[in-house]
Amino acid sequence: MYLPKSEKELKVIKALMEYPDRDWGLNDIVEESEVSKTTVWRAVNRLEERNFVSTTEVGKSKLVNVKNRKVLKRVLKASRAEIDELEEAAKRFVEEINKFEGVKKCVLFGSVARGTADLNSDIDILILIRGEDEKTKDEISQIAEKISSEESVRIMPDVMEKERFELMEKHGDGFSENIKKEGITLYEEDSNE
Numbered sequence: 032m033y034l035p036k037s038e039k040e041l042k043v044i045k046a047l048m049e050y051p052d053r054d055w056g057l058n059d060i061v062e063e064s065e066v067s068k069t070t071v072w073r074a075v076n077r078l079e080e081r082n083f084v085s086t087t088e089v090g091k092s093k094l095v096n097v098k099n100r101k102v103l104k105r106v107l108k109a110s111r112a113e114i115d116e117l118e119e120a121a122k123r124f125v126e127e128i129n130k131f132e133g134v135k136k137c138v139l140f141g142s143v144a145r146g147t148a149d150l151n152s153d154i155d156i157l158i159l160i161r162g163e164d165e166k167t168k169d170e171i172s173q174i175a176e177k178i179s180s181e182e183s184v185r186i187m188p189d190v191m192e193k194e195r196f197e198l199m200e201k202h203g204d205g206f207s208e209n210i211k212k213e214g215i216t217l218y219e220e221d222s223n224e
């Protein structure tokens, strides 16, 4: 079965399948998918080679039409199943590490949180801990390696002091803004504890 070459190619397919009856210009796909024109062009060429879309030259423009909806629906469904597997691995990881006393919050971010992951995607998880605790950091890394190996995925824990992250938020840091915008909280310590 055909699988998208990258997260960006998957975004192109998702954009096309939003309105499969539409005649798409390349710039329309760029706008809808939020992917560069070069990447859109490459993705369209790959899809056309497999007979999933057809293209028509109109003057200097190229129009793209979805030709094989059934296959592209299956591609989207398969990539959703991949994302579900990655999310399950993330949840398993968080269940194991939230037992540590110093773990305050775990937030899934990146392509898995956005729903644009593919088989090669990392599972990015921000783990906020109390204070500078090297022992907890080491144990979290070991659990990430163990589950990554068992699940055949790559869990990438980003362990940070909660206080440092709060300072980043206060100063409008790009990373903290991104976490606020796309992050999915998988665990948060009860403030009553």
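This note's numbering applies: residue 32 is where the sequence shown begins, and numbers increase by one. Backbone N, C-alpha and C define an ideal beta-carbon position, used for all residues, glycine too. Since the structure is predicted, the reported quantities are computational estimates derived from the model, not experimental observations.
Thr216 sits exposed, since fewer than 16 C-beta atoms from the chains shown fall within 10 Å of its C-beta.
In its chain, beyond the 5 residues on either side, Arg185 and Ile186 have a beta carbon closer than 6 Å to the beta carbon of Ser179.
Within the stretch 144 to 173, the complete beta strand (DSSP E) runs of at least 3 residues fall at 153 to 160.
The C-alpha of Lys98 is placed about 44 Å away from the C-alpha of Ile158. Buried is the label assigned to Val66, since at least 16 other Cβ atoms lie within 10 Å of its Cβ. Annotated three-state conformation of Ser183 is coil, per DSSP. In this structure, the beta-carbon distance from Leu47 to Val102 does not fall below 9 Å. Looking from the CA of Gly146, the closest CA among Ser172, Glu113 and Asp189 belongs to Glu113. Cβ-Cβ distances below 8 Å link Phe140 to Asp155, Ile156, Leu157, Asn209, Ile210, Glu213, Gly214 and Ile215 in the same chain, with the five nearest sequence neighbours on each side left out; the list follows chain order. By the 16-neighbour rule on beta-carbons within 10 angstroms, Glu132 is exposed. Phe140 sits in a strand when the DSSP states are folded into three classes.
In the same chain as Ser110, and ignoring 5 residues on each side of it, the C-beta atoms closer than 6 Å to its own belong to Leu41, in chain order.
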